[in-house]
Amino acid sequence: MINAVADYDAIVIGSGHAGSEACLALARLNKRTLLTTLNLDSIAFLACNPSIGGTAKGQLAGEVDALGGEMGVNADKSMLQLRMLNSGKGPAVHSLRAQVDKVIYHNEMKHTIERTKNLDILQCEVAEILVEDSHVVGVKTSMGEIFSCRAVVVATGVYLNSRIIIGDYTKYTGPNGYEASTHLTKSLMDLGIEIRRFKTGTPARVDGKSIDYSKFEVQPGDELLNGFSAKTKKIKNKKVCFLGYTSTAMHDLILNNISRAPLYSGKINGIGPRYCPSIEDKIMRFSDKERHQLFLEPESAFTDEVYVQGISSSMPSDVQRAMYRLIPGFENVKIMRFAYAIEYDCINATELKNNLESKKINGLFFAGQINGTSGYEEAAAQGIMAGINAERYIDNKSPFILSRDQAYIGVLIDDLVTKDIVEPYRMMTSRAEYRLILRQDNCDIRLTEIGREIGLVDNKRYSIFKKKLKQIEYVKSELNCMKNPSQLQKLFTDKNESMPKSGLTLKDAIKRNNITIFDIQKYFDLFKDIPNNVLEYVNTEIKYEGYIKNELELIEKQKRTENIRLPDIDYSTISGLRLEARQKLNKFKPSTLGQAKRIDGVSPSDINVLLVYLKLKGKI
Numbered sequence: 001m002i003n004a005v006a007d008y009d010a011i012v013i014g015s016g017h018a019g020s021e022a023c024l025a026l027a028r029l030n031k032r033t034l035l036t037t038l039n040l041d042s043i044a045f046l047a048c049n050p051s052i053g054g055t056a057k058g059q060l061a062g063e064v065d066a067l068g069g070e071m072g073v074n075a076d077k078s079m080l081q082l083r084m085l086n087s088g089k090g091p092a093v094h095s096l097r098a099q100v101d102k103v104i105y106h107n108e109m110k111h112t113i114e115r116t117k118n119l120d121i122l123q124c125e126v127a128e129i130l131v132e133d134s135h136v137v138g139v140k141t142s143m144g145e146i147f148s149c150r151a152v153v154v155a156t157g158v159y160l161n162s163r164i165i166i167g168d169y170t171k172y173t174g175p176n177g178y179e180a181s182t183h184l185t186k187s188l189m190d191l192g193i194e195i196r197r198f199k200t201g202t203p204a205r206v207d208g209k210s211i212d213y214s215k216f217e218v219q220p221g222d223e224l225l226n227g228f229s230a231k232t233k234k235i236k237n238k239k240v241c242f243l244g245y246t247s248t249a250m251h252d253l254i255l256n257n258i259s260r261a262p263l264y265s266g267k268i269n270g271i272g273p274r275y276c277p278s279i280e281d282k283i284m285r286f287s288d289k290e291r292h293q294l295f296l297e298p299e300s301a302f303t304d305e306v307y308v309q310g311i312s313s314s315m316p317s318d319v320q321r322a323m324y325r326l327i328p329g330f331e332n333v334k335i336m337r338f339a340y341a342i343e344y345d346c347i348n349a350t351e352l353k354n355n356l357e358s359k360k361i362n363g364l365f366f367a368g369q370i371n372g373t374s375g376y377e378e379a380a381a382q383g384i385m386a387g388i389n390a391e392r393y394i395d396n397k398s399p400f401i402l403s404r405d406q407a408y409i410g411v412l413i414d415d416l417v418t419k420d421i422v423e424p425y426r427m428m429t430s431r432a433e434y435r436l437i438l439r440q441d442n443c444d445i446r447l448t449e450i451g452r453e454i455g456l457v458d459n460k461r462y463s464i465f466k467k468k469l470k471q472i473e474y475v476k477s478e479l480n481c482m483k484n485p486s487q488l489q490k491l492f493t494d495k496n497e498s499m500p501k502s503g504l505t506l507k508d509a510i511k512r513n514n515i516t517i518f519d520i521q522k523y524f525d526l527f528k529d530i531p532n533n534v535l536e537y538v539n540t541e542i543k544y545e546g547y548i549k550n551e552l553e554l555i556e557k558q559k560r561t562e563n564i565r566l567p568d569i570d571y572s573t574i575s576g577l578r579l580e581a582r583q584k585l586n587k588f589k590p591s592t593l594g595q596a597k598r599i600d601g602v603s604p605s606d607i608n609v610l611l612v613y614l615k616l617k618g619k620i
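Position 327, counted from 1, in the sequence shown is what this note's numbering calls 327; the numbers after and before it change by one each time, with no gaps.
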């Protein structure tokens with residue numbers, strides 16, 4: 001037995017977006033939980049851009065909300081502006097993106113955590129994870145205090161041995177000058193956890209009073225949108241963003257100083273995100289482009305700081321001052337915080353089970369950027385899943401796993417544990433095979449019932465969900481009403497649709513290219529009290545009915561082999577497998593045949609060999 005200061009069911013290390021969701025999930029599931037953080041002021045801190053959502057990330061935030069998480073609720077509380085991205089494309093790629101007030105976001109999440117039953121918070125540095133017989137038993141802080149527990153969630157973000165780089169200047173510190181975690185990496189290595197070194201970056205923050213906004217395009221928010229959370233009744237846009245462009249003069253300046261860029265001088269060793277490059281990397285990789293987009297995003301109503309999205313950099317401070325002033329509208333700009341790159345330690349997530357638990361240490365879970373991901377939404381998604389699974393581990397319940405056809409969360413975690421991630425992982429719609437099923441507008445339809453069964457969806461959230469289901473059924477029943485040609489004539493004429501020879505249901509009318517449910521609402525005086533999000537959902541379900549049916553049939557076909565469980569197998573003993581497949585399967589130890597299919601180096605012929613093996617062993 002260890003001599004502990006206090007005993008908890010679970011301890012969460014780190015208070016970013018992963019840690020916040022993990023500790024709230026555990027506490028709300030009645031587990032005595034301790035949240036440890038290097039700094040109380042960094043709880044749910046928006047270290048990079050002050051936004052929630054984006055392409056595919058909006059779906060992740062919506063799914064966290066549907067399961068009973070806090071990110072969507074908190075984003076809606078701190079909303080400055082809301083937009084629907086890709087609205088000109090099909091609904092499979094529609095994604096909400098919100099500009100949020102980073103001060104309010106932090107304060108609201110901290111307040112929520114402080115007021116949550118079963119949850120304590122302690123500002124300290126966890127230096128060691130204590131393990132006995134391959135089971136977590138507690139943690140030890142850098143001050144020598146010991147806290148016992150049965151499960152630990154490591155959600156340290158980018159703080160493990162973090163180092164910021166600005167030109168030749170480096171400092172071992174976390175984002176925004178917050179303290180780095182300098183001890184825990186050694187503890188993880190001692191436990192046999194593989195450590196990697198990744199990099200990310202952020203642009204400068206500039207003084208909004210020094211910007212000539214007349215040289216930028218206004219980017220207003222969208223009206224009549226619901227927020228991320230079903231609990232939110234109405235969203236009001238309070239701020240606008242702005243679109244601008246770099247200049248050839250700026251590009252020339254960067255090229256003339258490229259030898260001073262840490263990314264090219266060798267000062268940066270970590271691997272950065274391919275899909276979010278620094279401005280110097282963009283200019284080197286896309287030398288034929290005369291200009292690159294940038295967006296001006298307000299950080300908060302409590303500051304004049306403006307985030308310059310698209311201009312991440314680690315160039316020296318003198319170069320940054322000069323290059324930012326070569327952006328049209330930035331001629332007199334004043335930098336308030338310099339852009340910087342940050343390197344940090346993370347783990348190889350293929351060492352995790354698909355419930356985010358270590359394969360080596362029972363009760364040790366990992367969530368967020370320590371798993372090699374980038375982004376607040378990816379972190380929050382992992383956080384709530386790690387919290388749920390830590391609770392289930394403590395209570396000896398079966399793991400909670402979302403499949404790739406249930407949620408983007410399922411895609412995210414499956415990718416992390418089956419693919420060798422060699423750069424910060426970012427969720428994109430293209431990663432999901434069934435994105436027409438995994439839409440922004442149906443996150444609650446897909447996952448709220450599951451969240452209720454787990455115990456995280458409260459009565460208020462559930463009653464809103466049940467009301468929405470009733471409204472959907474009502475709308476669908478009304479749309480089955482048959483209309484004769486004379487009743488349809490004005491609508492069809494106005495919308496340039498050929499008149500039907502006989503009567504049509506309103507549902508069939510919506511299937512016409514130029515007619516939507518909102519036209520039905522207007523021309524037939526229907527659905528006055530039905531919210532827009534309900535009508536949008538029904539409209540999509542009708543318009544894409546055939547495609548959705550085909551995708552569902554494909555999912556059912558895939559499930560025949562996808563969910564076949566794989567026992568603990570020594571793959572080196574299966575003679576029909578290629579050598580590479582044996583090595584990869586023994587390394588990753590997939591839990592299902594579907595996961596085995598997605599491992600690089602495992603071919604379709606290898607899967608057929610596995611199927612034969614399982615049949616001979618009586619496993620299927």
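A virtual CB, placed ideally from N, CA and C, is assigned to each residue, including glycine.
Helix or strand or just coil, what does DSSP make of residue i?
i      : result
Asp304 : coil
Val126 : strand
His251 : helix
Asp420 : coil
Ala339 : coil
Ser259 : helix
Ala66  : helix
Thr116 : coil
Asp345 : strand
Tyr178 : coil
Ser502 : coil
Ser148 : strand
Met84  : strand
Met315 : coil
Ile552 : Checking the displayed sequence, the identity of residue 552 turns out to be Leu instead of Ile. Reduced to three states, the DSSP call for Leu552 is helix.
Asp288 : coil
Thr373 : strand
Tyr425 : strand
Ile384 : helix
Return the residue from the list the options that minimises the CA-CA distance to residue i.
i      : options                        : result
Ser502 : Leu566, Thr493, Lys483         : Lys483
Glu478 : Gly455, Gln489, Leu535         : Leu535
Thr112 : Lys57, Ser15, Ala151           : Ser15
Ser360 : Ala44, Asp525, Ala151, Ile193  : First, the amino acid is wrong: residue 360 is Lys here, not Ser. Taking only the C-alpha atoms, the option nearest Lys360 is Ile193.
Asp133 : Val154, Leu191, Ile104         : Leu191
Ser42  : Ser300, Ala180, Glu280         : Ala180
Lys495 : Arg196, Leu611, Thr516         : Thr516
Asp65  : Gln309, Arg32, Ala25           : Ala25
Tyr393 : Arg426, Leu60, Lys353, Val411  : Lys353
Cys241 : Asn332, Val602, Asp414, Leu80  : Leu80
Val417 : Ser398, Lys619, Lys476, Asn355 : Asn355
Give the range of the beta strand (DSSP E) segment to which residue i is assigned.
i      : result
Leu352 : Unbroken run through Leu352: none, as it is neither H nor E.
Cys465 : Correcting the residue identity first, residue 465 is Phe in this sequence and not Cys. Where Phe465 is concerned, there is no enclosing beta strand (DSSP E), although the alpha helix (DSSP H) it sits in stretches over 459–479.
Ser265 : Not the beta strand (DSSP E): Ser265 falls in the alpha helix (DSSP H), residues 262–265.
Gln99  : 95–100
Gly53  : 51–53
Ala10  : 10–13
Leu35  : 33–37
Ile165 : 163–166
Lys171 : 169–171
Assuming residue i is part of the alpha helix (DSSP H), what are its boundary residues?
i      : result
Phe198 : Here Phe198 belongs to no alpha helix (DSSP H); instead the beta strand (DSSP E) covers 195–207.
Phe518 : 517–523
Met71  : 71–77
Ser486 : 485–494
Keeping to the same chain, check which residues put their C-beta closer than 7 angstroms to that of residue i; ignore five residues upstream and five downstream.
i      : result
Phe147 : Ala4, Val5, Ala6, Tyr8, Ile11, Leu34, Gly138, Val139
Asn86  : Thr55, Val93, His94, Ser95
Ser78  : Val100, Asp101, Ile104, Tyr105, Glu108
Arg83  : Arg97, Gly221, Asp222
Sort out for me which residues DSSP pairs residue i with in a bridge.
i      : result
Cys241 : Gln219
Gln309 : Phe295
Asn362 : His135
Glu357 : Phe365
Arg565 : Thr592
Lys186 : Answer by DSSP bridge pairing: none, since Lys186 is not bridged.
In chain order, what residues of the same chain lie with their CB nearer than 8 angstroms to the CB of residue i, ignoring the 5 residues before and after it?
i      : result
Asn586 : Asp570, Tyr571, Ser572
Ile268 : Ile165, Lys199, Pro262, Ser314, Ala341, Glu343
Ile697 : Past the edges of the chain, shown from 1 to 620, lies residue 697, and the structure says nothing about it.
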